[in-house]
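Participant: Structure below; questions to follow.
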Amino acid sequence: MDSHELIHRTQNQQPLVDSVPKRPPPRSVNVKTLKNPIQYMLRSQRLVCILVGIAMSAMFFNRFPISTPQLTRHHQGVVFPTSEPRNLPTRRILYETSLDEDEFGGRRAMGGASGRVPLGIKRKRLRVLVTGGAGFVGSHLVDRLMERGDNVIVVDNFFTGRKDNVVHHLGNPRFELIRHDVVEPILLEVDQIYHLACPASPVHYKFNPVKTIISFYFLSYTNVVGTLNMLGLAKRVGARFLLTSTSEVYGDPLQHPQVETYWGNVNPIGVRSCYDEGKRTAETLTMDYHRGAGIEVRIARIFNTYGPRMCIDDGRVVSNFVAQALRREPLTVYGDGKQTRSFQFVSDLVEGLMRLMEGDHVGPFNLGNPGEFTMLELAQVVQEVIDPNAKIEFRPNTEDDPHKRKPDISKAQKLLGWEPVVSLRNGLPLMVADFKQRIFGNQREDVGTTGSLFSV
296 MDSHELIHRT QNQQPLVDSV PKRPPPRSVN VKTLKNPIQY MLRSQRLVCI LVGIAMSAMF
356 FNRFPISTPQ LTRHHQGVVF PTSEPRNLPT RRILYETSLD EDEFGGRRAM GGASGRVPLG
416 IKRKRLRVLV TGGAGFVGSH LVDRLMERGD NVIVVDNFFT GRKDNVVHHL GNPRFELIRH
476 DVVEPILLEV DQIYHLACPA SPVHYKFNPV KTIISFYFLS YTNVVGTLNM LGLAKRVGAR
536 FLLTSTSEVY GDPLQHPQVE TYWGNVNPIG VRSCYDEGKR TAETLTMDYH RGAGIEVRIA
596 RIFNTYGPRM CIDDGRVVSN FVAQALRREP LTVYGDGKQT RSFQFVSDLV EGLMRLMEGD
656 HVGPFNLGNP GEFTMLELAQ VVQEVIDPNA KIEFRPNTED DPHKRKPDIS KAQKLLGWEP
716 VVSLRNGLPL MVADFKQRIF GNQREDVGTT GSLFSV
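So the sequence shown is residues 296 to 751, counted in this note's numbering.
Following this line, the structure appears as structure tokens:
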């Protein structure tokens, strides 16, 4: 094959580009169509497709409606719908009014001050710290918080508290027990803090008055160390803080009954001052943190409280009388026995503390039973319940013993919807049964010549 033949064949071949089919030219856009949207919608059944889509969406949302919770007003168990808007506060639990028959025959509203429950959503499970939670009042508070479904952390140094008071919660994953003294700082993540840690009976706080006041008061910083540490924790984690103060802030009152606005009559150098002044300083510090740091705080002033799990020999008058009557010892009355006190059952106090914590008011609030008894009248009630033949023995009165003590609870009734429901004669037998079990164990003990009212 010569070069002329190659050139001839090359000239006769068609280029490869010509074998590829050419694309049709792009359609020109009709400017008039774009300017007339009605014609554009009617072309190619676009309007029909849009109408079908709207119909399908309407059928779907009609079949599966999206409902929003309706706000309701509650009054004595009856629910009334309302269209009024409500501003739901932050970190606040909403409860529904639910009157429930309690174990002592009283009726109580479950939940907060206004008795509210979650509206349309499940209630948030809180992490609650209870300092002194292994003590008398603290352990009953822990029982209620656990019953409500919260995660509870108990911090206690067991100076007056007992592990037996909370041992029934140790297997629960929502419960944690820490042996710790609140005088030392502690780091925890919690939503609420109930600060109950402090020796509350004369025997305990007089036994070590320096330790008692240090658990509140640290001289080198002129602050209440235990309360200071808990307030610092509340500030760091944004928790709400409840201080359990005492009626002892009123001292030997010149006003009767005592209202929250009364400033008290306290001996600052007496044998009881380590407790009285420590609590007064703790209240001051709590309010300073509230005003200066914006901490959510609550203050409860607790009056004489009794019930199961009290320390048997703690020097408080109810536990003294009950233990002495069970042991067939004379009932010790100091002075002439005409001093007055008011006694509330522990379940009433716990209800008041929880309502205060969940409510919208700082306080302070008096939490006590306004029923007033002289020491001789209390001794007579103990005789009726335990041993009618129990003798009464008079001894010289103790120093700085208040002559009268009775709370005015009108503020708690109005703002918290709280008042005690357990009378002394109904609550005392429950305490007696607990004391008999701890004093005598499983032995059967006949008290008095007419026989025992309770058998263990």
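For every residue, glycine included, the Cβ atom is placed at its ideal position computed from N, Cα and C.
#1: Hey, quick one: how far does the alpha helix (DSSP H) through Q708 stretch, first residue to last?
#2: Does the distance from the CB of L651 to the CB of A595 come in under 8 Å?
#3: With DSSP as the reference, please indicate the residues paired to I681 in a beta bridge.
#4: Please classify Y557: does DSSP put it in a helix, a strand, or coil?
#5: Which same chain residues end up closer than 6 Å to V324 when comparing Cβ atoms and leaving out the 5 residues on each side of it in sequence?
#6: Rounded to the nearest angstrom, how far is the Cβ of T600 from that of K699, given a contact under 8 Å?
#7: Would you grab the beta carbon distance between L648 and L436 for me? Rounded to a whole angstrom, and I think it's under 8 Å.
#8: Give the DSSP-derived three-state secondary structure of H490 in the structure shown.
#9: Output yes or no for whether 8 Å exceeds the beta carbon distance between G604 and F431.
#10: Taking the alpha-carbon of H475 as reference, which of A492, R623, V461, V450 has the nearest alpha-carbon?
#11: Give me the Cβ distance between V657 and P724, rounded to the nearest whole Å; I'm assuming they're in contact under 8 Å.
#12: Measure the C-alpha to C-alpha separation of M441 and G654 and round it to an integer number of angstroms.
#13: Who are the near neighbours of L710 in its chain, counting only those whose CB is closer than 8 Å to its CB and skipping five residues on each side?
#14: Over the uninterrupted alpha helix (DSSP H) stretch that includes A353, give me the two end residues.
#15: Mind checking W713: buried by the 16 CB within 10 Å criterion, or exposed?
#16: Starting from E442, trace the alpha helix (DSSP H) in both directions and tell me its first and last residue.
#17: The beta strand (DSSP E) with T579 in it runs from where to where?
#18: Does Q550 come out as helix, strand or coil in the three-state DSSP assignment?
#19: Can you give me the start and stop residues for the alpha helix (DSSP H) that N661 sits inside?
#20: Can you look up T693 in the DSSP assignment and give me helix, strand or coil?
#21: So is L465 buried or exposed if we call it buried at 16+ other beta carbons inside 10 Å?
#22: Let me confirm a value: K731 is counted as buried when at least 16 other C-beta atoms fall within 10 Å, else exposed. Which label applies?
#23: Between which two residues does the alpha helix (DSSP H) harbouring L644 extend?
#24: Starting from S614, trace the alpha helix (DSSP H) both ways and give me its first and last residue.
Facilitator: The answer reads as follows:
#1: 705-710
#2: yes
#3: Answer is none; I681 lacks a bridge partner.
#4: coil
#5: Annotation note: pLDDT 49 at V324 (below 50); position unreliable, no value reported.
#6: Actually they are not in contact, since the Cβ atoms of T600 and K699 sit about 18 Å apart, beyond 8 Å.
#7: 6 Å
#8: strand
#9: Sequence check: residue 604 is Arg here, not Gly. Cβ atoms of R604 and F431: closer than 8 Å.
#10: V450
#11: With 8 Å as the limit, V657 and P724 do not qualify as a contact, their Cβ atoms being about 37 Å apart.
#12: 19 Å
#13: A408, G654, H656, F660
#14: 341-358
#15: buried
#16: 431-443
#17: That residue, T579, is in no beta strand (DSSP E); its alpha helix (DSSP H) goes 568-588.
#18: coil
#19: Run containing N661: none in the alpha helix (DSSP H); it sits in the beta strand (DSSP E), 660-662.
#20: coil
#21: exposed
#22: buried
#23: 641-653
#24: 612-621
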